[in-house]
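**Q** Protein chains in written order, with the numbering used here: chain A, 1 to 216; chain B, 1 to 216.
There are 2 protein chains.
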Amino acid sequence: MVMKVEKISELTIDRLSVYLRCLDFLTNNGVKQISSQELAAQLNLNSAQIRKDLAQFGEFGVRGVGYSVGKLRDCLKHILGIDRLHKIGIIGAGNLGMAIAEYEGFFGTNYSVVALFDSDIEKINKTTKRGIPILDVKDLAEEIKKSSIDIIVLGVPASVAQSVLDQVVAIGIKAVLNFAPMQFYVPEGVKLKTVDLTVSFDSLSHSLVANEHEIG
Amino acid sequence: MVMKVEKISELTIDRLSVYLRCLDFLTNNGVKQISSQELAAQLNLNSAQIRKDLAQFGEFGVRGVGYSVGKLRDCLKHILGIDRLHKIGIIGAGNLGMAIAEYEGFFGTNYSVVALFDSDIEKINKTTKRGIPILDVKDLAEEIKKSSIDIIVLGVPASVAQSVLDQVVAIGIKAVLNFAPMQFYVPEGVKLKTVDLTVSFDSLSHSLVANEHEIG
DNA sequence: AATTGTGAATTCCTTCACAGCC
DNA sequence: GGCTGTGAAGGAATTCACAATT
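1. For LEU192 of chain A and LYS77 of chain A, what's the separation of their Cα atoms in angstroms?
2. If GLY155 of chain B and LYS174 of chain B are in contact, beta carbons under 8 Å, what's the gap, nearest whole angstrom?
3. Select from B:GLY108, B:GLN162 and B:LYS123 the residue whose C-alpha is nearest the C-alpha of ALA115 of chain B.
4. From GLU142 of chain B to SER68 of chain A, what distance separates their C-alpha atoms?
5. Which class does ASP83 of chain A belong to by DSSP, given the choice of helix, strand or coil?
6. Using the beta-carbon count (16 or more within 10 Å), is MET3 of chain A buried or exposed?
7. Between LEU109 of chain A and ILE132 of chain B, what straight-line distance do the alpha-carbon atoms span, to the nearest angstrom?
8. Go to ASP136 of chain B, then tell me how far its beta strand (DSSP E) extends in each direction, as first and last residue.
9. State buried or exposed for VAL31 of chain B, treating a residue as buried only when at least 16 other CB atoms are found within 10 Å of its CB.
10. Under a three-way DSSP split, which group does ASN163 of chain B fall into?
11. Could you name the residues of chain A that ARG21 of chain B contacts, counting a contact when the two beta carbons are closer than 8 Å?
12. Would the region 195-215 of chain B count as touching the region 11-30 of chain A if we require 3 or more Cβ pairs under 8 Å?
13. Which whole-angstrom value describes the C-beta separation of ILE151 of chain A and LEU204 of chain B, a residue pair presumed to lie in contact below a C-beta threshold of 8 Å?
14. With a threshold of 8 Å between beta carbons, is SER205 of chain A in contact with chain B?
15. From SER148 of chain A to LEU135 of chain A, what does the alpha carbon distance come to, in whole angstroms?
16. What does GLN162 of chain B reach in chain A if we use C-beta pairs closer than 9 Å?
17. Are the beta-carbon atoms belonging to ALA153 of chain B and LEU177 of chain B less than 8 Å from one another?
18. Between GLN42 of chain A and chain B, is there a C-beta pair that is closer than 8 Å?
19. Quick one: does ASP234 of chain A have its CB under 8 Å from some CB of chain B?
20. Measuring only between beta-carbons, confirm whether ASP202 of chain A sits less than 8 Å from chain B.
21. From A:ALA170, A:VAL186, A:LEU165 and A:ALA40, pick the residue whose C-alpha is nearest to that of GLN183 of chain B; which is it?
22. Kindly say whether VAL65 of chain B, judged by its beta-carbon, lies nearer than 8 Å to any beta-carbon of chain A.
23. Rounded to whole angstroms, what's the CA-CA distance from LYS52 of chain A to GLU212 of chain A? Just pull it up for me.
24. Note down the Cα distance separating TYR103 of chain A from GLY97 of chain B, rounded to an integer number of angstroms.
25. In chain A, which residues lie less than 8 Å from VAL62 of chain B when you measure between Cβ atoms?
26. Could you tell me if ARG63 of chain B is buried or exposed, where buried requires 16 or more neighbouring beta carbons within 10 angstroms of its beta carbon?
27. Just to check my reading of the structure: ILE88 of chain A and SER112 of chain A have Cβ atoms closer than 8 Å, yes? What is that Cβ distance to the nearest angstrom?
28. Are there 16 or more other CB atoms within 10 angstroms of the CB of ASP202 of chain B, so buried, or fewer, so exposed?
29. Counting only Cβ pairs nearer than 7 Å, list the residues of chain A close to GLY81 of chain B.
30. Do you know whose CA, among B:ILE121, B:ILE34, B:ILE144 and B:THR128, lies nearest HIS86 of chain B's CA?
31. Where do the ends of the alpha helix (DSSP H) carrying LYS52 of chain A lie?
32. If you measure between the beta carbons of ALA99 of chain A and ALA99 of chain B, is that distance less than 8 Å?
33. With a threshold of 8 Å between beta carbons, is LYS138 of chain B in contact with chain A?
34. Kindly indicate which residue of B:GLN33, B:ASN44 and B:GLN162 has the alpha-carbon position closest to the one of LEU72 of chain B.
35. So, for SER36 of chain B: in the same chain, excluding its five sequence neighbours on each side, which residues have a beta-carbon less than 6 Å away from its beta-carbon?
36. Does GLY61 of chain A pass the burial test, meaning 16 or more other C-beta atoms within 10 Å, or should it be called exposed?
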């Protein structure tokens with residue numbers, strides 16, 4: 001019953017995911033051993049960063065040798081909690097919801113989209129091309145329990161996003177991926193990750209004019 | 001001909017976009033004046049942060065009073081380069097490309113999706129529901145010039161993403177939004193922003209198991 | 001000899017706290 | 001009095017550089 005007191009930053013966690021993907025790639029190419037140096041070169045970052053990130057969870061390497069690709073991969077999967085299967089439910093069977101449901105490659109063996117939810121009578125009880133059912137959002141609570149959904153994707157318009165989020169939280173969901181470009185209230189213990197495409201585009205726009213402005 | 005020497009961080013730029021959205025909202029609600037304090041409260045952040053972010057670009061406020069919502073909004077639009085219209089081209093007319101092309105609300109008056117590109121003969125020369133044309137990716141260079149496309153969205157599988165990116169860069173595009181979960185080589189002067197959903201899901205997964213691990 | 005794991009140094013980002021101004 | 005703009009302080013993240021280890 002030991003507590004890890006050090007708080008691990010989001011930046012570290014996100015990099016672990018990137019390391020893991022790289023290790024998957026190396027595994028497929030038959031690479032068995034790798035140094036932080038080589039891994040860093042592939043990912044365009046500093047080798048000390050990789051070692052520091054890993055050090056927060058234990059000692060996975062061998063001095064003078066490096067890391068076993070397979071072993072490190074298993075460790076990262078465990079740390080990230082993808083040594084088990086997560087069940088994803090998507091609310092909003094519009095283009096965005098469909099895109100995520102169907103997008104190949106996102107969900108190897110770690111994630112499975114089990115259902116979409118919508119209130120549009122035209123969509124309910126149909127399925128996606130891959131056969132994922134589209135259900136009535138009224139049955140959300142029931143279905144979350146029945147199918148053990150543990151991650152919800154919010155693909156609904158900003159205008160209703162907070163109220164849908166509140167529902168989902170009330171049901172007991174602890175992890176939500178949101179695409180609505182807005183501010184939310186989320187209670188303690190619930191993780192909300194927002195993918196804000198507006199911000200991404202604005203950032204690109206800025207980069208396009210940044211030079212002009214500087215030589216203004 | 002004065003150069004701004006201070007480099008402005010991505011974090012600052014991303015926040016400016018968030019401030020702008022909030023100001024848009026305030027404008028719609030008839031609010032004319034706001035203090036950094038009030039703005040910070042709405043966005044769950046520190047008022048000094050807002051003032052510091054803005055200070056990097058000039059003095060937009062009035063001491064003792066606050067900021068004019070309309071004026072600050074215009075200034076932010078100019079800084080972010082969205083006081084002009086950007087033309088977006090989407091490569092890959094799959095679910096993801098379609099979702100972005102059709103997604104309401106992303107593209108107010110600042111962005112316009114002018115075309116999608118694909119190599120699938122079944123899709124070429126059709127249009128999206130909203131009437132955006134799907135063109136042959138072979139005509140990419142020509143169309144980018146003809147339509148003054150300045151932002152490209154990569155909605156293609158990871159396996160071909162680097163080669164498509166190379167093409168796009170060769171044509172002279174300087175801003176790319178990418179959804180393929182992978183590492184890229186990008187030359188100096190080209191801004192590549194990656195939205196990596198794998199990382200987002202892994203981060204959610206981690207949050208679900210983090211507690212268990214800590215009380216291991 | 002090579003590479004990890006890590007304290008120290010550095011760089012970057014955020015927050016404090018207050019002078020300056022309306 | 002109230003709020004901005006900002007130097008100084010504090011905190012976080014990254015990188016350096018080297019002792020420890022195989």
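C-beta atoms are modelled at their ideal positions from N, C-alpha and C, and glycine is treated no differently. Keep in mind that this is a model prediction, so the values were computed, not measured.
**A** In this structure, then:
1. 21 Å
2. No, GLY155 of chain B and LYS174 of chain B are not in contact; Cβ-Cβ is about 19 Å, not under 8 Å.
3. Nearest of B:GLY108, B:GLN162 and B:LYS123 to ALA115 of chain B, Cα basis: B:LYS123.
4. Approximately 48 Å between the Cα atoms of the pair.
5. coil
6. Because the pLDDT at MET3 of chain A is just 46, under 50, the model does not fix this residue reliably, and the value given afterwards should be weighed accordingly. By the neighbour-count rule (16 or more Cβ atoms within 10 Å), MET3 of chain A is not buried but exposed.
7. For the sequence presented, residue 109 of chain A should be read as Thr rather than Leu. Taking the straight line from one Cα to the other gives about 35 Å.
8. 134-136
9. exposed
10. The sequence shown places Ser at residue 163 of chain B, rather than the Asn named in the question. If DSSP states are grouped into helix, strand and coil, SER163 of chain B belongs with the helices.
11. PRO181, MET182 and THR198
12. yes
13. 5 Å
14. Yes - at least one Cβ of chain B is within 8 Å of the one on SER205 of chain A.
15. 15 Å
16. In chain order: nothing, as chain A lies at least about 13 Å away.
17. In the sequence under discussion, the amino acid at residue 153 of chain B is Val, which differs from the Ala named in the question. Going by C-beta atoms, VAL153 of chain B is nearer than 8 Å to LEU177 of chain B.
18. yes
19. Outside the shown range of chain A, which is 1 to 216, sits residue 234 of chain A, and nothing can be said about it.
20. The beta carbon of ASP202 of chain A sits closer than 8 Å to some beta carbon of chain B.
21. A:ALA40
22. For VAL65 of chain B, the closest Cβ of chain A is not nearer than 8 Å.
23. 39 Å
24. 11 Å
25. Result: empty, since nearest Cβ-Cβ is about 23 Å, beyond 8 Å.
26. Note on ARG63 of chain B: under 16 other CB atoms within 10 angstroms of its CB, so exposed under the neighbour-count rule.
27. 7 Å
28. ASP202 of chain B comes out buried.
29. One finds SER205, HIS206, LEU208 and VAL209 in chain A with Cβ atoms closer than 7 Å to the Cβ of GLY81 of chain B, taken in chain order.
30. B:ILE144
31. 47-55
32. yes
33. no
34. B:GLN33
35. SER47, ILE50 and ARG51
36. buried
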